[in-house]
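Following: one structure in structure tokens, then a few remarks.
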Amino acid sequence: MNHTTVLHLHTHNTSYLIALLPTGQPANLYYGPRLADQPHWDELLPAPAAGYGTMVTYDKNYPSFGLDDVCLETSGLGKGDFREPMIELEAADGQRTTDFVLTGWKQYEGRQPLPGLPCSCGDCRTTELQLADKALGLRLVLWYHVYEEYDVIARCAAVYNDSDRPAVLRRLMSAQLDLPGGAYSLLTFDGMWANERQLHRHPLSAGTILNDSKTGASSARHNPLVILQHKYATQQTGRCYGCNLVYSGSHAEYCEVTYTGKIRLLTGINPSGFSWLLQPGESFHTPEAVLTFSDKGLNGLSQNFHRFVNNCIVRGEWKNKPRPILINNWEATEFNFTEASLLKMAKTAAALGVELFVLDDGWFGRRNSDHTSLGDWVVNTQKLPGGLAGFAAKLRQLGLDFGLWVEPEMVSPDSDLYRAHPEWAVSCPGRAPCESRNQLTLDLTRTEVQDYLIKTLTDLFASAPIRYVKWDMNRNISDPYAGGLPPARQGEFYHRYMLGLYRVLERVTGEFPQILFESCASGGNRFDLGMLCYMPQTWASDNTDPAQRLSIQEGTSYGYPPSTIGAHVAASPHFASLRATPLETRFNVAAFGCLGYELDVSRLSRVEKQAIKAQIAWYKQHRELFQFGDFYRLEAEYDDTKTVWVSVSPEGDEAAAMLYQPRVTPGRPDERIPFAGLRPQAVYDVVGRTQYVNVAALGELVNRVLPFKLRQGGVVQAVIAGQYSLTLSDERRIAGGDLLCGLGLPLPPQFAGTAYNEHTRLFGDNDSRIYLATLHEES
């Protein structure tokens with residue numbers, strides 16, 4: 042196939058080559074490190090094979106050419122490509138064969154927003170491929186939005202019915218990425234409630250891996266983020282491809298390896314149960330997929346995603362703006378609170394340095410349990426006599442801003458809203474709908490439901506000086522049925538629900554640009570790029586136990602920056618795991634995100650309050666480093682059970698490194714904590730953050746240095762522990778950036794069970810330290 046046109050799409054560090062084949066198909070020629078422009082790209086096309094016994098010849102003018110072993114940009118059914126297709130539809134005459142061939146292409150600066158869907162924004166260059174199936178009278182358009190600065194290519198597609206007969210769309214994925222093969226693993230981020238986005242590696246071999254959600258949400262089960270990691274790639278080096286989806290509903294990612302080792306990756310709306318009727322003159326647009334490549338390992342790939350999300354997904358007033366430190370009353374009170382009890386907590390929180398008080402579930406209707414009142418967004422004046430505005434005014438007198446929890450997409454069967462409009466709840470005709478958490482889902486496919494929510498929420502958020510909203514969704518969707526659609530169009534329900542939700546979000550968040558919206562769905566059941574287009578941060582998980590938050594936040598970090606991760610310090614032992622952890626560790630883990638507190642600070646000891654006040658003051662000094670720095674996942678020297686996180690300022694003049702130890706083993710060798718991203722020629726001061734250790738944690742050891750004996754667990758020990766603590770602060774070290782990144786920071790010897798002195802490092806189970814590196818200034 043000589044004289045083939047090749048399009049070179051490039052970013053600062055990557056190149057993407059599309060070959061426009063003489064047979065009419067756009068083919069993927071290359072995706073990888075940046076290439077220099079050259080006039081003979083078509084020389085890279087593989088030589089045509091001689092064919093094989095069962096190959097389907099696509100075009101008799103090219104007898105050795107079949108679609109089944111070509112890296113294509115799109116694919117369908119019926120013409121010899123037997124892999125998972127990008128598009129599947131049923132024509133009016135019943136045929137499902139499609140043959141979309143190129144009719145034209147163009148390139149231009151900028152892009153158009155997607156109708157009814159969130160999408161990326163910012164400076165980009167667009168390549169548009171136009172294809173047609175002339176036999177069916179259908180057009181297919183593929184868009185490639187190249188964000189050069191961020192090494193990202195955002196892709197989407199649309200099908201247009203130019204015929205005079207209807208067609209039924211069964212599948213249209215957002216992007217197809219065909220690669221020539223190699224020793225790769227597919228990384229997926231899976232889990233459940235309180236255990237979201239756990240990293241799993243699937244070495245690729247012949248066959249298909251499906252990563253999907255059928256819940257009506259992007260889900261905690263399988264996040265839409267997937268990564269292809271080369272066999273020899275590490276956190277710091279090697280080739281990796283990343284793919285994510287700007288969508289919050291049911292999705293699917295297929296990764297197929299063919300008989301010749303080629304790889305096909307597809308992402309988009311889940312075709313399971315999906316259909317969409319296309320009448321003549323109508324079109325269907327997919328959500329946007331986000332692709333990136335890095336040859337600097339998984340950290341390089343993640344940093345591409347992080348910069349892109351911070352600059353092209355998050356928008357409005359909170360784009361690249363430091364997030365406030367908040368306290369949320371839920372884990373402290375649940376539904377059982379009064380205004381007086383809340384203000385007592387708020388007064389203590391303000392004295393500790395907290396900036397925002399969030400009133401969670403239970404403030405409206407007769408909401409004293411989860412059995413009632415969702416949908417009745419009217420303040421309960423028995424709990425808040427002065428209403429939301431009066432409560433907010435009292436918080437303001439304490440120096441605190443006011444935040445509020447809502448769950449607008451849901452309705453309680455025991456509610457005024459449901460009694461007035463039972464038809465607004467999602468249910469199938471002739472069936473009793475299933476409940477989850479004693480609630481039903483509002484049918485957002487109905488325009489009247491959308492309009493009701495827009496007005497109700499607009500009035501609510503305007504009724505008080507609200508600066509933060511936690512938007513929750515505490516169930517998956519069951520009994521899917523759109524009451525306003527005919528039977529033949531019920532396959533449109535899930536996507537129309539998302540379009541309805543996005544319309545509500547667009548209107549409400551646009552009306553209140555000053556409000557910081559945080560998305561929540563039973564924790565992290567809807568942590569995705571679609572929600573982040575409207576809400577700059579997401580509650581990562583209802584699990585705030587730091588021992589488990591490590592893997593939750595680390596898994597999240599592969600595709601989402603710390604500025605989007607809600608992370609709180611909770612009580613110990615933790616309500617979900619019953620695990621006791623040090624207060625300083627709870628902070629150290631939460632610091633690598635948007636910091637908050639989720640406990641009754643008014644009931645803490647003097648020592649605990651002292652520690653939290655110091656934590657907040659220190660975090661305020663380094664807030665932008667933790668929320669917007671370059672994030673690295675590193676490995677601890679000698680011990681892969683330990684966790685190392687590093688956040689580095691974009692200029693490389695400041696870095697914070699955390700070392701987390703799950704279990705103590707006596708007799709540890711000398712330890713070092715690695716850094717990354719520092720300037721090689723610069724010199725840094727490195728010092729451990731001052732931390733406070735509960736005296737009770739030392740148990741009988743304190744009796745070795747006291748002139749009297751304390752009984753473990755006794756009253757005297759409890760009194761002392763409540764009033765006094767041990768202060769830990771490592772001596773300052775001075776070292777070059779190259780040494781800190783190459784060798785690591787040497788740590789004082791860890792207590793090994795016998796000898797100890799003033800240099801001994803106390804480091805227990807679920808213990809952690811943060812070390813801060815700043816540019817050294819000669820005195």
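Going by my numbering, the first residue of the sequence shown is number 42, and it counts up by one from there. Positions of the beta carbon are idealized from the N, C-alpha and C atoms, including for glycine. All of these numbers come straight from a predicted model, not from anything done at the bench.
Nearest-angstrom beta carbon gap, C112 and L228 [assumed within contact, 8 Å]: The pair is not a contact, with the Cβ atoms about 21 Å apart (cut-off 8 Å).
Burial state of F141, where buried means 16 or more other Cβ atoms lie within 10 Å: Residue environment for F141: buried (at least 16 other C-beta atoms within 10 angstroms of its C-beta).
Coarse secondary structure for T333, derived from DSSP in three states: In the structure shown, T333 sits in a strand (DSSP, three-state: E or B).
Reduced DSSP category for F672 - H, G, I as helix; E, B as strand; rest coil: Here F672 sits in strand by DSSP.
Short Cβ contact (7 Å threshold) for N311 with A330: No.
Per DSSP, cross-strand counterpart(s) of M451: Beta-bridge annotation (DSSP): M451 is paired with T482.
Coil, strand or helix - R713 by DSSP: R713 falls in the strand class under three-state DSSP.
F672 and S598 closer than 7 Å at C-beta: Result yes, Cβ atoms of F672 and S598 sit closer than 7 Å.
C-beta contact flag for C574 and P159 at 7 Å: Going by C-beta atoms, C574 is nearer than 7 Å to P159.
Residue from D455, F502, M451 whose Cα sits closest to the Cα of L485: Comparing Cα positions, the closest option is M451.
Meets three-Cβ-pair contact criterion under 8 Å: the region 550-558 and the region 524-541: Contact fails between the region 550-558 and the region 524-541, because fewer than three Cβ pairs, one in each stretch, are under 8 Å apart.
Residues near G693 by beta carbon distance below 8 Å, same chain, minus five either side: If the five residues before and after G693 are omitted, its C-beta is found closer than 8 Å to the C-beta atoms of G718, L719, R720, A723, G778, all from its own chain and listed in chain order.
From F628, G634, V630, E375, residue whose alpha carbon lies closest to that of L666: For the residues F628, G634, V630, E375, the minimum Cα distance to L666 belongs to G634.
Collapsed DSSP secondary structure at Q491 in the structure displayed: DSSP places Q491 in the helix class (H, G or I) of the three-state scheme.
Identity of the residue in L307, V287, N807, M96 nearest S613 by Cα: Selection L307, V287, N807, M96 evaluated against S613 yields N807 as nearest (Cα-Cα).
Cα-Cα separation, L339 to H263: Approximately 19 Å between the Cα atoms of the pair.
L429 - containing alpha helix (DSSP H), residue span: From DSSP, the alpha helix (DSSP H) with L429 extends over 428-438.
beta-carbon R644 near the ligand COA non-hydrogen atom, thresh 6 Å: The ligand content of the structure shown is nil, which means the ligand COA is not present either.
Beta carbon of T55 nearer than 7 Å to that of C197: In this structure, C197 does not lie closer than 7 Å to T55 by Cβ.
Bridge partner(s) assigned by DSSP for A658: The partner list for A658 (beta bridge, DSSP) is empty, contrary to what the question assumes.
CA-to-CA distance, Y493 to G541, given in whole angstroms: Using only the alpha carbons, I get a separation of about 12 Å.
Burial state of V420, where buried means 16 or more other Cβ atoms lie within 10 Å: V420 comes out buried.
Classification of R478 by the beta-carbon crowding that lies within 10 angstroms, buried from 16 upward: When all chains shown are included, R478 counts as exposed.
Whether V395 touches N369 by CB criterion (7 Å): Inclusion of V395 and N369 in the CB contact set at 7 Å is not warranted, their separation being larger than that value.
Contact under 7 Å by Cβ, D520 with S259: In this structure, S259 does not lie closer than 7 Å to D520 by Cβ.
Separation of S690 from S313, as counted between CA atoms: A straight-line Cα-Cα distance of about 44 Å links S313 and S690.
Secondary structure of Y188, DSSP reduced to three states: Reduced to three states, the DSSP call for Y188 is strand.
Contained beta strand (DSSP E) runs [length at least 3] in the region 174-220, N- to C-terminal order: Qualifying beta strand (DSSP E) stretches, in chain order: 179-188, 193-202, 208-213, 216-220.
Reference P789, options G783, C782, L780, L769, closest by Cα: Ranking G783, C782, L780, L769 by Cα distance to P789 puts L769 first.
Distance CB(G65)-CB(L143) smaller than 7 Å: Their beta carbons are under 7 Å apart, which means G65 touches L143 by this criterion.
Segments assigned beta strand (DSSP E), at least 3 residues, entirely inside the region 520-574: List check, beta strand (DSSP E) in window: 557-560.
Option in N351, L307, R206, W359 with minimal Cα separation from P321: Of the candidates N351, L307, R206, W359, the one whose C-alpha sits nearest the C-alpha of P321 is R206.
Own chain residues within Cβ distance below 6 Å of N629, not counting five before or after: Shown here for N629: same chain residues with a beta carbon closer than 6 Å to its own, the five before and five after excluded, namely M699, S809, I811 in chain order.
Beta-carbon proximity list for L441, same chain, < 8 Å, skipping 5 on both sides: These residues qualify, in order along the chain: A387, A390, A391, V395, E396, L397, F398.
Candidates D164, G403, N345: closest to E840 by CA position: What the structure shows of the chain is the stretch from 42 to 820, and residue 840 is not part of that stretch, so it cannot be assessed.
Coarse secondary structure for C112, derived from DSSP in three states: C112: coil per DSSP, three-state reduction.
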